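The next block holds one structure in the form of structure tokens; read it before the comments.
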Amino acid sequence: MNAKYKIFSVLFLFFVTQACMANTVIDDTGHPVILKTPARRIISLSPHITELLFSAAAGQYIVGTVNYSDYPPAANKIPRVGSYNRINIEAIIALKPDLIVAWQSGNPQHVVEKLKQLGFAVFMNEPKKLMDLPGVVKRLSILANTQHQAGKAIQAYLLKYQRLKTRYTGKTPVRLFYQYWNNPLMTVNGQHIISDVMRLCGAKNIFSHLPILAPAVTVEAVVASDVEVIIVGGLQKQHQQWLNAWRKWQDLPAVKNNHLYNINPDLLQ
Numbered sequence: 001m002n003a004k005y006k007i008f009s010v011l012f013l014f015f016v017t018q019a020c021m022a023n024t025v026i027d028d029t030g031h032p033v034i035l036k037t038p039a040r041r042i043i044s045l046s047p048h049i050t051e052l053l054f055s056a057a058a059g060q061y062i063v064g065t066v067n068y069s070d071y072p073p074a075a076n077k078i079p080r081v082g083s084y085n086r087i088n089i090e091a092i093i094a095l096k097p098d099l100i101v102a103w104q105s106g107n108p109q110h111v112v113e114k115l116k117q118l119g120f121a122v123f124m125n126e127p128k129k130l131m132d133l134p135g136v137v138k139r140l141s142i143l144a145n146t147q148h149q150a151g152k153a154i155q156a157y158l159l160k161y162q163r164l165k166t167r168y169t170g171k172t173p174v175r176l177f178y179q180y181w182n183n184p185l186m187t188v189n190g191q192h193i194i195s196d197v198m199r200l201c202g203a204k205n206i207f208s209h210l211p212i213l214a215p216a217v218t219v220e221a222v223v224a225s226d227v228e229v230i231i232v233g234g235l236q237k238q239h240q241q242w243l244n245a246w247r248k249w250q251d252l253p254a255v256k257n258n259h260l261y262n263i264n265p266d267l268l269q
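Under the numbering used here, the first residue of the sequence shown is numbered 1, with each subsequent residue one higher.
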């Protein structure tokens, strides 16, 4: 084999490898997701994943999603394949997806494993920090070959993040309790992405030390923490009732200073 042929062979293998890797990424569990061609029939198994796919400029390729995927408005027109915890496998099979994006801590594990066994390409998603999101959007855009459009969304996101970081860095954090359910009383720990939102905006999660991602807690534990701010993530018809339940604790700093707030659950949950 002469030198020219060797060089040609090496270059040929290089370009073939690059072509094969063009639609290859590593998901949030460290596993490779390999597509022979860009994803054109995508199924999202969580509302937040639907939003990420739209940010990746791949929303037009979503052929199925789950209940409560209502943002952006175009997501309301996408067919449903159940809810995040009750997934209709038959409906997914009928849609013939070339990519499924699943939620690691939210979707039933046995359902996700079944989808993998059926031969579907599955990207597992589990963002834990706000700065995880640009990387997720980038990887999803690689799978859909929409990197150029997604790049604009990523840059806009990073700019907003930096503005918030600059605004709150150096300020004394306030002690915050985030309630996303009432009975049982439930919150998030320090590993949850909602806690990262708190940190960015100058707050400290009073239950950041708990080992469970979404733990149940007691009213007594909240009161004992001398919490300064209480935020509830209930629906409109729930939030006032949930907030009023705290008002009887008159010595609690959050109540004394009327720092009781509601956030639309669509924004965080």
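Glycine included, C-beta positions come from ideal geometry on N, C-alpha and C.
All values reported here derive from a predicted model rather than from experimental measurement.
Three-state secondary structure assigned by DSSP to residue i
i: N244; result: helix
i: T29; result: coil
i: Q191; result: coil
i: K138; result: helix
i: R163; result: helix
i: V217; result: coil
i: I92; result: helix
i: I154; result: helix
i: K77; result: helix
i: V66; result: coil
i: L267; result: helix
i: L53; result: helix
i: L99; result: strand
i: V255; result: helix
Beta-carbon contacts of residue i that lie in its chain and below 7 Å, excluding the five residues immediately before and after
i: V10; result: Because the pLDDT of V10 is 38, which lies under 50, any placement of that residue in the model is unreliable, and the number read from its coordinates should be weighed accordingly. Closer than 7 Å at the Cβ level, and outside the excluded window around V10, lies no residue.
i: Y84; result: L45, S46, V66, W103, G106, N107
i: S141; result: A56, A57, A58, Q147, A150
i: Y61; result: A39, R40, R41, I42, A144
i: R139; result: V25
Residue i to residue j span [Cα, whole Å]
i: M21; j: L45; result: Bear in mind that the predicted position of M21 carries a pLDDT of just 48, short of 50, making it too unreliable to give a figure here.
i: I194; j: G151; result: 24 Å
i: D196; j: L268; result: 11 Å
i: S55; j: P211; result: 31 Å
i: P97; j: W242; result: 41 Å
i: A58; j: L118; result: 24 Å
i: M198; j: T146; result: 31 Å
i: P134; j: A221; result: 35 Å
i: E113; j: V101; result: 13 Å
i: Q191; j: S208; result: 7 Å
i: T24; j: N258; result: 51 Å
i: L143; j: L35; result: 7 Å
i: Q238; j: R163; result: 32 Å
i: F123; j: W181; result: 29 Å
i: I93; j: K256; result: 55 Å
i: Y71; j: V136; result: 18 Å
i: Q240; j: W246; result: 10 Å
i: Q236; j: D266; result: 11 Å
i: T166; j: L53; result: 28 Å
i: G170; j: I154; result: 26 Å
i: G82; j: T172; result: 44 Å
i: L159; j: Y168; result: 15 Å
i: N244; j: N205; result: 21 Å
Cut-off 6 Å between Cβ atoms - residues of its own chain near residue i, not counting five sequence neighbours on either side
i: T50; result: S44, T65, S69, A75
i: V174; result: A203, E228, V229
i: L185; result: V217
i: I231; result: Y178, Y261, I263
Local Cβ density within 10 Å of residue i, reported as buried at 16 or more and exposed below that
i: P73; result: exposed
i: Q179; result: buried
i: P32; result: exposed
i: N183; result: exposed
i: I78; result: buried
i: A156; result: exposed
i: D27; result: buried
Beta-bridge partners of residue i, as assigned by DSSP
i: S83; result: R86
i: L260; result: I230
i: S44; result: V101
i: W181; result: M186
i: R175; result: K204
i: I34; result: T24
i: F123; result: V101
Neighbourhood of residue i by C-beta, 8 Å cutoff - its chain only, sequence neighbours within 5 removed
i: Y161; result: L130, M131, L200
i: V111; result: I87, I89
i: V223; result: W249, L252
i: A214; result: Y180, M186, T187, V188, N189, H192
i: A254; result: F177, V227, E228, V229, I230, W246, L260
i: T315; result: Nothing in the structure corresponds to residue 315, since the chain is present only between 1 and 269.
i: L115; result: I89, I92, I100, A102, V122
i: T37; result: N23, D98
Residue-level contact to chain D via CB, residue i, 7 Å cutoff
i: V136; result: Note that chain D does not occur in the displayed structure, where there is just one protein chain.
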